[in-house]
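To start, the structure itself, in structure tokens.
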Amino acid sequence: KIGPYRGPIPPERIREISMKVYGDPNVLDPSVEYDPPEARAIPAIWHTDMGMVVDSLILCDNEYPRIFSSTSKDGMADIDLMAKIFSACTGVDVSMNELMKAGERIFNLLRAIDVRNYGRSRRIDESTIDVGFNYPGKDDCKMLDKQKFLKLLEKYYELRGWNKESGWPTREKLEELGLKDVADELERIGRIG
């Protein structure tokens, strides 16, 4: 059965879906670039954490997570589908929020490993963004605003629960995720946020 959205989903419906998925109606608005910065930080976090879940469940990241659907009446896909699949396959009831928390835990653990083993920091994160601001042919396309992007990075760290100056996970965040031993190790080597 084909739903009412056979073509583009109307902007007002996109805002509703954005609010339901991300908790912010501006996230899927293409006219919102950096202001407010959380309009770009929220989906970056959501999709990164969701990507950790997709990889852990060995699902196809071309299919999951699916947010929009042309076959549903409201234009929205079943964003709880991965939790339903997990529960059906394992017999363990789990909510999508629990899977998302697991994805957040995995990503924070990966960040902590990078901080511990490779000295990952905000300085390193910032060094990787120069490509988006300086490359041949940039006059032909819209470029990122570096200062606004740095504010976005700071908001990203804040929403992640990481130290805004260093880009390192904080003890509070790691303990919230059940990673006290990881926080202890980072503190031991002087790299806790």
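Here the sequence shown is numbered in my numbering, starting from -12 and rising by one per residue.
Glycine is no exception: its CB is placed at the ideal position from the N, C-alpha and C atoms.
Tell me the DSSP secondary structure of V79 in three-state form. In the sequence shown, residue 79 corresponds to position 92, counting from 1. V79 sits in coil when the DSSP states are folded into three classes, being neither helix nor strand.
Where in the region 121 to 177 do unbroken runs of the alpha helix (DSSP H), each at least 4 residues long, occur, reported from the N-terminal end onward? For the region 121 to 177, whole alpha helix (DSSP H) runs of length 4 or above, ordered along the chain, are 133 to 147, 158 to 163, 167 to 175.
Output the boundary residues of the alpha helix (DSSP H) element that contains M63. Your numbering for residue 63 matches position 76 in the sequence shown. Counting along the chain, M63 sits inside no alpha helix (DSSP H), nor does DSSP assign it H or E at all.
State the Cα-Cα distance for the pair L96 and E50, rounded to the nearest angstrom. Reading the sequence shown from its first residue, position 109 is the one you call residue 96. Reading the sequence shown from its first residue, position 63 is the one you call residue 50. If I take the Cα positions, the gap works out to 25 Å.
What does the Cβ neighbour count give for R53, buried or exposed, with the cut at 16 atoms within 10 Å? Taking the sequence shown and counting its residues from 1, one reaches residue 53 at position 66. Around the C-beta of R53, fewer than 16 other C-beta atoms lie within 10 Å, and the residue is accordingly described as exposed.
CA-CA distance, R92 and K60? Counting from 1 along the sequence shown, the entry for residue 92 is found at position 105. Counting from 1 along the sequence shown, the entry for residue 60 is found at position 73. A direct Cα-Cα distance of roughly 34 Å separates R92 from K60.
Quick one: Cα of L164 to Cα of L15, how far? As a working note, residue 164 is residue 177 in the sequence shown. As a working note, residue 15 is residue 28 in the sequence shown. C-alpha separation (whole angstroms): 28 Å.
Can you give me the C-alpha to C-alpha distance between G180 and L146, rounded to a whole angstrom? Residue 180 sits at position 193 when you count from the first residue of the sequence shown. Residue 146 sits at position 159 when you count from the first residue of the sequence shown. CA-to-CA, the gap between G180 and L146 works out to about 14 Å.
Skipping 5 residues on each side, what residues in its chain have a beta carbon closer than 7 Å to that of D11? Residue 11 sits at position 24 when you count from the first residue of the sequence shown. Excluding its 5 nearest sequence neighbours in each direction, D11 has C-beta neighbours in its own chain below 7 Å: S5, E25, A26, I29, listed in chain order.
Do T157 and F94 have their C-beta atoms within less than 8 Å of each other? In the sequence shown, the residue the question calls residue 157 occupies position 170. In the sequence shown, the residue the question calls residue 94 occupies position 107. In this structure, the beta-carbon distance from T157 to F94 does not fall below 8 Å.
To the nearest angstrom, report how far apart L140 and G38 are at their CA atoms. On the sequence shown, position 153 is the one that residue 140 refers to. On the sequence shown, position 51 is the one that residue 38 refers to. Between L140 and G38, the alpha-carbon positions lie close to 19 Å from each other.
Alpha helix (DSSP H) containing G38: first to last residue? In the sequence shown, the residue the question calls residue 38 occupies position 51. Where G38 is concerned, the enclosing alpha helix (DSSP H) stretches over 25 to 43.
Taking Cβ positions, are V41 and A89 nearer each other than 8 Å? Stepping through the sequence shown from its first residue, residue 41 is reached at position 54. Stepping through the sequence shown from its first residue, residue 89 is reached at position 102. Not closer than 8 Å, so no.
So the alpha helix (DSSP H) S114 belongs to, where does it begin and stop? As a working note, residue 114 is residue 127 in the sequence shown. Run containing S114: 109 to 114, per the alpha helix (DSSP H) assignment.
For the candidate residues D65, C76, A99, R98, whose alpha-carbon lies nearest to that of M83? The residue you call residue 83 lines up with position 96 of the sequence shown. Ranking the options by Cα distance to M83, first place goes to D65.
Quick one: measure Cβ to Cβ for R98 and I176, integer angstroms, because I've assumed they're closer than 8 Å. For this step, residue 98 is matched to residue 111 along the sequence shown. For this step, residue 176 is matched to residue 189 along the sequence shown. Not really, about 15 Å apart at Cβ, beyond 8 Å.
Cα-Cα separation, E174 to A31: Stepping through the sequence shown from its first residue, residue 174 is reached at position 187. Stepping through the sequence shown from its first residue, residue 31 is reached at position 44. Going by the C-alpha atoms only, they are around 27 Å apart.
For D48, which residues of its own chain have a beta-carbon under 8 Å away from its beta-carbon, when the five flanking residues on both sides are left out? If you number the sequence shown from 1, residue 48 lands on position 61. Result list for D48: G38, V41, D42, in chain order.
Along the alpha helix (DSSP H) that carries E50, what are the first and last residues, could you check? As a first step, residue 50 is located in the sequence shown; it is residue number 63 there, counting from the start. No alpha helix (DSSP H) contains E50, which DSSP labels as neither H nor E.
Among L44, I116, G62, which one has its Cα closest to the Cα of E3? For the purposes of this step, residue 3 is taken as residue 16 along the sequence shown, with counting starting at 1. Per the C-alpha coordinates, the member of L44, I116, G62 positioned closest to E3 is G62.
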